[in-house]
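In order, the protein sequence lines correspond to chains A and B.
All residue numbers for the first sequence refer to the working numbering, where the first residue is 378 and numbers rise by one.
All residue numbers for the second sequence refer to the working numbering, where the first residue is 2 and numbers rise by one.
C-beta atoms are modelled at their ideal positions from N, C-alpha and C, and glycine is treated no differently.
To start, the structure itself, in structure tokens.
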Amino acid sequence: DAKTTQPPSMDCAEGRAANLPCNHSTISGNEYVYWYRQIHSQGPQYIIHGLKNNETNEMASLIITEDRKSSTLILPHATLRDTAVYYCIYNNAGNMLTFGGGTRLMVKP
Amino acid sequence: DAGVIQSPRHEVTEMGQEVTLRCKPISGHDYLFWYRQTMMRGLELLIYFNNNVPIDDSGMPEDRFSAKMPNASFSTLKIQPSEPRDSAVYFCASSPLLRNTEAFFGQGTRLTVV
């Protein structure tokens with residue numbers, strides 16, 4: 378199974394940018410990096426994905442290093458509703474997702 | 002679209018009983034996935050379908066588990082007989098493609114087997 382390394386927890390002040398790191402040193406060239414989050418008692422929610430280039434959408438930005446061994450998810454202005462567990466996943470099997478432990482992000486007032 | 006709809010939201014059953022979980026995917030999505038979430042093992046993929054056909058069931062834990070998709074708008078996950086270790090939250094997800102697209106998850110069914 379593809380394994381990623383994420384810090385188990387992080388805090389962020391409301392209104393500030395939340396930068397969530399992920400290491401995926403064994404990623405291969407055709408494997409995408411996906412980010413999902415899970416708010417308490419809800420199903421996982423897709424955030425963003427990318428292959429090589431940095432990506433941005435209405436929710437977040439994804440910065441992938443040139444060697445593709447790590448990435449950072451950026452929530453530009455975190456709100457209390459962004460408190461959740463964030464999962465970084467890489468694979469070439471699409472939505473056959475292998476979830477790890479994720480990072481529990483706590484946004485504080 | 003109302004999203005992926007799962008029923009029931011909560012199910013409590015006695016050990017040995019048959020349990021059926023239901024899922025209605027988003028219309029037009031060709032792929033349907035069943036996941037299970039426990040504290041010990043996290044989120045695990047159990048099985049997925051493409052155009053109503055089961056493609057990969059390698060994640061199904063044992064023969065007590067079975068899944069069907071009789072048509073494009075309905076899937077079931079059945080456990081017979083159920084055991085206390087089957088207690089978990091079961092999620093259904095659907096997507097229009099397998100790769101390079103997002104998966105949409107339902108709200109889950111919390112199963113408790115006593």
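Which of helix, strand or coil DSSP assigns to residue i
i, result
"R86(B)", "helix"
"L487(A)", "This structure does not reach residue 487(A), given that chain A is present from 378 up to 486, and the question cannot be answered."
"D459(A)", "helix"
"V13(B)", "strand"
"A94(B)", "strand"
"G107(B)", "coil"
"R414(A)", "strand"
"G479(A)", "coil"
"Q81(B)", "coil"
"Y428(A)", "Per the sequence presented here, residue 428(A) reads as Leu, with Tyr not at that position. Of the three classes helix, strand and coil, the one that applies to L428(A) here is coil, per DSSP."
"T1(B)", "Beyond the ends of chain B as shown, which are 2 and 115, falls residue 1(B); an answer cannot be given."
Own chain residues within Cβ distance below 6 Å of residue i, not counting five before or after
i, result
"N400(A)", "T382, S447"
"Y375(A)", "Chain A is shown only over 378 to 486; residue 375(A) falls outside these bounds and no answer can be derived."
"L47(B)", "W35, R37, G60, M61"
Nearest-angstrom beta carbon gap, residue j and residue i [assumed within contact, 8 Å]
i, j, result
"T449(A)", "N396(A)", "5 Å"
Sequence-distant residues of the same chain with beta carbon closer than 8 Å to residue i, five excluded per side
i, result
"G427(A)", "Y409, V410, L439, I441, S448"
"K79(B)", "E19, V20, T21, L22, F66, S67, A68, K69"
Own chain partners of residue i with C-beta closer than 7 Å, once the 5 adjacent residues on each side are dropped
i, result
"F106(B)", "V5, F92, A94"
"E84(B)", "M16, V114"
(Q) For the structure I just gave you, are there three or more beta carbon pairs, one from the stretch 427-444 of chain A and one from the stretch 396-416 of chain A, closer than 8 Å? (A) yes
Q.
My parser needs the beta strand (DSSP E) runs of 3 or more residues fully inside the stretch 38-81 of chain B; what are they?
A. 43-51, 54-57, 66-72, 75-80
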